[in-house]
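These protein sequence lines are chains A and F, in that order.
Residue 1 is where the first sequence starts when you use the numbering used here, and the numbers rise one by one after that.
Residue 437 is where the second sequence starts when you use the numbering used here, and the numbers rise one by one after that.
We put the CB at the ideal spot given by N, CA and C, even for glycine.
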Amino acid sequence: MTFIWLWTDFLLWVLFALSMIAVVKIRGNELLSQKWQKIFAQPLALSAFIVFAFYILIGLSDSIHFRLDNNTTTYSVLDRALLPALEAEEKTYSTPLNFEQFSKEYLDNGLRGRVHLNLVSAEITNASDNTKNLLSISANALFYAVSIFVVFILFLAKFTAINTKNNRSAFVTIFALIFFCTWVVLLMPNYHILGTDKAGIDVFYKAVKSIRTGMIFGLLTTLLALPPAIILGLMAGYFKGKTDDVIQYIYTTINAIPGILLIAALVLILQVYMDEHASDYASALERSDLKLLLLCVILALTSWTGLCRLIRAETLKLSELEFVQAAKVFGVSNIKILFNHLMPNVMHLVLISIVLDFSGLVLIEAVLSYVGVGVDATTMSWGNMINAARLELSTDPVVWWPLASSFIFMFILVLSANLFADRVRQVFDPKGDDNA
Amino acid sequence: MLAFLLLNLDKITKMWTYILRRALYSIPILLGVNLITFLLFFMVNTPDDMARIQLGAKHVTQADIHTWKEEKGYNKPLFVNTDQSGAAILTDTIFYQKSIPLFQLDFGHSDSGRNINKDINERMWPSLALAIPSFIIALITNIVFAMWMVMLLGTKLERMSLIFTVALMSISGLFYIIIGQKIVAGMWHWFPVSGYQDGFESWRFVMLPVLIGVVAGLGAGVRWYRSIFLEEINKPYVNTARAKGLSEQQVLFKHVLKNAMIPILTGVVVVIPSLFMGSLIMESFFSIPGLGSYTIDAINSQDFAIVRAMVFLGSILYIVGLLLTDISYTWVDPRVKFK
């Protein structure tokens, strides 16, 4: 077994490590940990965070790639977990949790009928059997979920000081997630949970695999946009004068170009470049991964300006305050003033902008794919799924499940991110409407 | 009248010099935009690459590329032409030849040979027919809902509707379009599914996209206006107004709304000129032959001349928007000084 590190894998894990360091630092700082406790004290925010963390967990498990010795395919940890869905091959469409294909065709015996799906046990031949089987699997899943949940609660009660009574909504969320997991684990070897698409590929597999793409869009873009935004914003606000003029000029100019057009133009150029140098990449996976990363770079290039402007304005105010003046008088170097004295005081803006931008970036991925400047066609993403599903809506009867699946997976991620972001803004923004 | 003019002469000249200075300030920005687009479209992506795309075939000879470049005027050096002498060293280059017409708003011909200016003149009307109603209706709906939520401040209903707006803005815009088109037009047959017709009949085709656009923007829009109103509502003048015994409606609509105009204008006026550009997504979903779908088609056929023209046009309109914002401040807020 050899591990394969894609660029985005690497950066995602770097990001993870950075956020772990941040957590440790926050725990050591009384003021900050109080603020974070305040965030999690709101039941809605806590539940949203748990769902969000669950998505991140899936995204991370999809970011460890390896190749088995006797095999040429590259798998991720998530692929191995979803193996039944990945390997089951059907011929064409089937509705969620069905036992036969969606459309009728001529069978071997000359009659018109629906072909039985490969993945579903051959013993199930009619709808009522199917329902019975599904119910019994669901009941099993519920049993397992309750058992795991009880063990989990007992574990928490025994080894931690978490009050199990005050966090009802959080525990409801955790239970829902556990139940979802057991249900999926039990169903997957026997059913296509969200049906299959035109090529007979499992829709659930595609929707889950798309989580990583959405995560990378939302997280890596902000990570890449932070350094220019912070450094230029601090410099403009602190040095003022010529430096400020130049930096303001740069971001006004970039702002003046309509965002989506600038992105489209950059991606077009990127596509031309990658097509010409197609032979430089070791595999299609690496090629599509690089394209994903460069897309994030492009989005970062167009999106750092907003935060930069905010940081500049805040630094302008801060640099007039006594502690900065005092540092100057004591002969502290400019670089030290910038990074030791000013930067910690604008970090709340950075945090707010990270959480607020995340959901917008996840949503824009779908739009970009529609415009034709999104991720590579071989990358699984919600945008690509929606794009492919548009034509299916005009068929009769309607093929609705690929579209619905991608929308629901996307909606839950964006909703939880938005709810959490809202709370973070409330607590960290001094102007925030902290009345909830 | 004359007396009024004479009294205010000082102020008026100050205002005009202010506007003029703001206008002059936008020239370097336009130059920067031009430089960026040029770097993107001609340096990163050389004329040779463009020729290969446009000629399409895999077996393009160097001679084919050369003829194509000659036809389109791309056969010059990029920045400095060492074959020429005098001013021509700088003027007989692609940069100069392709930039000057842009500043005169002459976009030339697309890579496929169409006259871009003529296309823009034709296609801006359907774009406006869609963009202006969307803009106005969205503005009014968002403000009304935001006001309503501010009135309910602190109640359970307000908290529910706040969560509802978060849910609304968590749904992908594509969802609203696809579902709206499928259900309202496809199943109920209230409106045509897509297409466009010039003249008065256009309203039938524009209704559904306008409706969808308003609903899709509702979540984010309401929250934005709400935060503006909330910032105003804690100011002392609101307390004074309430203490005078004004009703809550009067306080909100007469006092808060008026004072909130400044932050509202910052966000709103700047987008007005850009309405010309139309909406990429809406227009292509509903096959409205506006500038948005024009741009999308150009992106899909990799027509760099059109994309470049639209980027430049969009930037000009944005800069005009900034200028209008500055002017509108002087109109709503007498405290603004022309410095």
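Can you give me the Cβ contacts of N435/A inside the same chain, cut-off strictly under 6 Å, excluding the 5 residues immediately before and after it?
-> Any answer about N435/A is weak, because its pLDDT of 42 lies below 50 and its placement is not dependable; what the coordinates show is given next. Result list for N435/A: empty, nothing under 6 Å.
Please confirm whether L107/A and I137/A have their CB atoms less than 7 Å apart.
-> no
Would you call the region 735-742 of chain F and the region 680-699 of chain F in contact, with 3 or more CB pairs under 8 Å?
-> no
Just the Cα atoms here: how many angstroms apart are T482/F and L31/A?
-> 54 Å
Nearest residue (CA-CA) to D197/A, options W400/A, F420/A, R423/A and L415/A = W400/A
Could you spell out where the beta strand (DSSP E) holding F3/A opens and where it closes?
-> T2 to I4
Listed by chain order, chain F residues near T305/A by CB distance under 9 Å = The contacting residues do not exist; T305/A stays about 13 Å from chain F at best.
Note the first and the last residue of the continuous beta strand (DSSP E) segment covering Y612/F.
-> Y612/F -> not in any beta strand (DSSP E); alpha helix (DSSP H) instead, spanning G609 to G616.
Is the region 653-668 of chain F touching the region 592-606 of chain F, taking contact as three or more C-beta pairs under 8 Å?
-> yes
Is the CB-CB distance between T761/F and V705/F below 7 Å?
-> yes
Should P430/A be flagged as near chain F, meaning a C-beta pair shorter than 7 Å?
-> no
Closest by C-alpha distance to F102/A, when choosing among A88/A, G110/A, L117/A and L111/A = L117/A
Determine whether the Cβ of D434/A lies closer than 7 Å to any Cβ atom of chain F.
-> Confidence in D434/A is poor, its pLDDT being 46 and thus under 50, which makes the residue's placement too unreliable to answer from.
Between the Cα of G374/A and the Cα atoms of K104/A, L393/A and L292/A, which residue gives the shortest distance?
-> L292/A
Quick one: measure Cβ to Cβ for V297/A and L224/A, integer angstroms, because I've assumed they're closer than 8 Å.
-> 6 Å
For the alpha helix (DSSP H) that S737/F lies in, which residues bound it at each end?
-> Taken as a continuous stretch (DSSP letters only), S737/F belongs to no alpha helix (DSSP H), as it is neither H nor E.
In or out: D62/A buried (at least 16 other Cβ within 10 Å) or exposed?
-> buried
With DSSP as the reference, label S76/A as helix, strand or coil.
-> strand
Name the chain A residues whose beta carbon is nearer than 7 Å to that of F611/F?
-> F407
CA-CA distance, I455/F and F49/A?
-> 48 Å
Within this structure, are the beta carbons of R114/A and E100/A separated by less than 7 Å?
-> yes
Just the chain F side, please: which residues come within less than 9 Å of S410/A by C-beta, in chain order?
-> In the sequence on display, residue 410/A carries Met and not Ser. Those are S606, I607, S608 and F611, listed as they occur along chain F.
Note down, in chain order, every chain F residue with its Cβ under 7 Å from the Cβ of A199/A.
-> Correct list: empty, because the minimum Cβ distance to chain F is about 21 Å.
Local Cβ density within 10 Å of K206/A, reported as buried at 16 or more and exposed below that | buried
Select from the region 743-768 of chain F all residues with a C-beta closer than 7 Å to any C-beta belonging to chain A, and list them in chain order.
-> V743, M746, V747, G750, S751, Y754 and I755
Coil, strand or helix - Y454/F by DSSP = helix
Got a sec: is the Cβ-Cβ distance from N118/A to anything in chain F below 7 Å?
-> no
Within the 7 Å Cβ cut-off, does Y461/F reach chain A?
-> no
Test: V658/F CB closer than 7 Å to a CB of chain A | no
Cut-off 8 Å between Cβ atoms - residues of its own chain near A417/A, not counting five sequence neighbours on either side = A48, F52, G218, V355, F358, S359 and V362
Which residues of chain F have a Cβ atom closer than 7 Å to the Cβ of G372/A, listed in chain order?
-> I735 and N736
Using the beta-carbon of each residue, which ones in chain A are nearer than 8 Å to D500/F?
-> Here the premise fails: no neighbours, minimum Cβ distance about 17 Å.
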